[in-house]
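Take 31 as the starting number for the sequence shown in my numbering and just add one per residue. Inspection log for the structure reproduced underneath, given as structure tokens.
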Amino acid sequence: MESLFDETRAYVTGRIASLLEAGENKLPTDHELAAEITASYATLRLVMKELEQQGFIRRIRGSGTYLTAQAATLLADSRRRRLHIYAPGFPQAPECDYGALLLETLRNQAEARNWKSEFTLVRSHREFVERLDRELPRADAVIYLPPTEPFSLEAVGRLARFGSRPLVVLDCELSNIAIDNITSDNRRGGMLAAAHLLANGHRNIALLLCEPLLPQSQARIQGFRDALELAGLRAELIDCHVRAEDPRDLFARRAMLERLKRPYEFTAVFAISDAGAFGALQAFEELHLVAGRDISLVGFDGIPAGEALTPRLTTVAQPVGEICRTAIDWLDEPPHSHSKCQLSPVLRPGETVHTIVPSAVSQ
């Protein structure tokens, strides 16, 4: 429900629009405007003060209130739909960080569809829900990119209260709550990674656990293990013991170095994130191993930095563009009921997987 201030502001900006259409630039006096809408003079003065501060109008003592040269541009911008995006801070640029890439793509997609996006940093689900309580009335829609932490029952319960509002949660599976939700099919992504390594003759494979064990990373692991199990194989686990705040590449490099300094039989590694794969590549280089020649490596996410590497990283690429387009589609035309959508990732071949000929496979 709009406040008296918002109603008064909407009326005055409507009068500004009418003046612009008529080619005029002088507003009625504050008393005249207040009388037109039966608003209090005090409220009208607050609205006019804000519009002056924002550059819509200028006051000339003894003459009146006039529209500024930028009033038309400011008015058009103020009438754009307001999208509030809540997400954690991302430590690296979009080229090197999946979350930052998702956020950048989302804001670009929103801008292209005439949404005015505003980004708010949140560090936890609790902080997000508390801010949503205060700020949702100012937004036409909300998109949430959750931080790397599990949802508690309390957070899920509080989030469920907003199910009637235009709210989409990305990159986090919420199967038991009536909130629009878009994710990658992480289990299928894990299966794609396994299938690619198996197709290239690998039978001894390591699984690099370089992400906190949230539902999405657990689904990647499960898909990978299921595909190997169908082939009668099991992966060796290399646990990086990563927490939410830890740099994935550094922890993956350390864990990979420790493992490679001991005897090993695996010929390939699946890292459950590209950031972890970058750390594995650093470890290979330090031990004079070349990915795609001495040992194979597949990542997960498809961030641009992997394409710039030499050799180029083979990875399971998440459908970032499709995720963001679908989210904006749902805001433009909300689904009839709460929707949950899993979009398929794709295997993006690079140069870090080599083929094992049957005679070279360890027996």
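We put the CB at the ideal spot given by N, CA and C, even for glycine. Small disclaimer: the values here were computed from a predicted structure and weren't measured.
Cα separation between residue i and residue j?
i: Asn230; j: Phe300; result: 13 Å
i: Gln312; j: Val159; result: 39 Å
i: Ile209; j: Phe181; result: 14 Å
i: Glu54; j: Trp145; result: 29 Å
i: Phe120; j: Ala130; result: 6 Å
i: Gly322; j: Pro379; result: 11 Å
i: Phe254; j: Ala265; result: 9 Å
i: Asp94; j: Pro349; result: It should be noted that the sequence gives Gly, not Asp, for residue 94. Cα to Cα, the separation comes out at about 55 Å.
i: Arg278; j: Thr213; result: 21 Å
i: His114; j: Leu317; result: 47 Å
i: Arg195; j: Glu148; result: 17 Å
i: Arg91; j: Thr59; result: 12 Å
i: Arg156; j: Ala185; result: 6 Å
i: Thr38; j: Gln252; result: 56 Å
i: Asp256; j: Pro245; result: 16 Å
i: Val42; j: Arg164; result: 25 Å
i: Met31; j: Glu141; result: With a pLDDT of only 40 at Met31, under the threshold of 50, the placement of this residue in the model should not be trusted; the figure read from the coordinates follows. If I take the Cα positions, the gap works out to 26 Å.
i: Gln393; j: Pro177; result: Low per-residue confidence applies at Gln393: pLDDT is 42, beneath 50, and the placement is therefore not dependable enough to give any value.
i: Thr98; j: Glu352; result: 41 Å
i: Leu319; j: Pro388; result: 22 Å
i: Ala285; j: Leu104; result: 54 Å
i: Arg75; j: Arg143; result: 34 Å
i: Leu166; j: Tyr116; result: 11 Å
i: Pro364; j: Ile325; result: 47 Å
i: Leu263; j: Phe296; result: 12 Å
i: Tyr71; j: Ala52; result: 26 Å
i: Ala338; j: Tyr128; result: 15 Å
i: His226; j: Thr135; result: 28 Å
i: Gly187; j: Cys270; result: 32 Å
i: Gln83; j: Arg89; result: 11 Å
i: Pro375; j: Thr345; result: 10 Å
i: His61; j: Ala69; result: 10 Å
i: Glu66; j: Cys202; result: 49 Å
i: Arg168; j: Phe192; result: 14 Å
i: Arg250; j: His232; result: 19 Å
i: Thr150; j: Arg137; result: 12 Å
Per DSSP, residue i forms a beta bridge with which residues?
i: His28; result: It is not possible to answer for residue 28, since the shown part of the chain is limited to 31 through 393.
i: Gln84; result: Answer is none; Gln84 lacks a bridge partner.
i: Cys371; result: Ile212
i: Arg89; result: Thr95
i: Thr344; result: Val328
i: Leu267; result: Leu237
i: Leu377; result: Val346
i: Lys56; result: Tyr96
i: Leu200; result: Ile212
i: Ala298; result: Ile235 and Ser326
i: Ala142; result: In DSSP, Ala142 forms no bridge with anything.
Tell me, to the nearest whole angstrom, how far the beta carbon of residue i is from that of residue j; I am working on the premise that it is less than 8 Å.
i: Leu228; j: Ala261; result: 6 Å
i: Arg273; j: Pro242; result: 6 Å
i: Leu258; j: Ala224; result: 5 Å
i: Leu175; j: Leu133; result: 6 Å
i: Leu280; j: Ala307; result: In fact, because the Cβ distance is near 13 Å, the residues do not count as touching under 8 Å.
i: Cys240; j: Ser303; result: 6 Å
i: Arg355; j: Gln139; result: 6 Å
i: Pro118; j: Val152; result: 6 Å
i: Leu50; j: Ala101; result: 7 Å
i: Gly189; j: Ile207; result: It is Leu, not Gly, that sits at residue 189 in the sequence shown. Contact holds; Cβ gap of about 6 Å.
Relative to the C-alpha of residue i, which candidate in the options has its C-alpha closest?
i: Leu377; options: Ala357, Thr356 and Leu327; result: Leu327
i: Leu34; options: Thr73, Ala65 and Ala357; result: Thr73
i: Phe358; options: Arg45, Arg255 and Asp170; result: The question names Phe, but residue 358 is Ile in the sequence shown. That would be Asp170, whose Cα lies nearest to the Cα of Ile358.
i: Ile386; options: Ile251, Asn234 and Ala101; result: Asn234
i: Ala47; options: Asp60, Thr59 and Phe86; result: Phe86
i: Ala40; options: Glu82, Val77, Asp215 and Gln83; result: Val77
i: Ala236; options: Ala65, Leu136, Phe192 and Ala298; result: Ala298
i: Leu287; options: Asp304, Leu263 and Phe314; result: Phe314
i: Leu56; options: Arg75, Ile173, Lys79 and Tyr96; result: The amino acid at residue 56 is misidentified as Leu; the sequence shows Lys. Comparing Cα-Cα distances from Lys56 to each of Arg75, Ile173, Lys79 and Tyr96, the minimum goes to Tyr96.
i: Leu63; options: Lys370, Gly44 and Ala52; result: Gly44
i: Leu267; options: Leu238, Gly220 and Ala347; result: Leu238
i: Gln372; options: Asn216, Leu319, Gly309 and Thr345; result: Asn216
i: Gln248; options: Pro388, Asp324, Phe330 and Asp362; result: Phe330
i: Asn211; options: Val42, Pro388 and Ser369; result: Ser369
i: Leu361; options: Tyr128, Leu200 and Pro177; result: Leu200
i: Ala305; options: Arg137, Ala347, Gly187 and Pro388; result: Ala347
i: His384; options: Pro341, Glu363 and Ser374; result: Pro341
i: Ala310; options: Ala338, Ser374, Thr382 and Glu363; result: Thr382
i: Glu80; options: Cys202, Thr68 and Asp36; result: Asp36
i: Asp276; options: Thr150, Arg168, Arg137 and Glu179; result: Glu179
Notebook entry, point to check: Just checking, does the segment 104-114 make contact with the segment 285-292 on the three C-beta pairs under 8 Å criterion?
Noted result: no
Next item on the list: Indicate whether the contact test is met: 3 or more Cβ pairs, each with one atom in the segment 124-144 and one in the segment 327-344, closer than 8 Å.
Entry: yes
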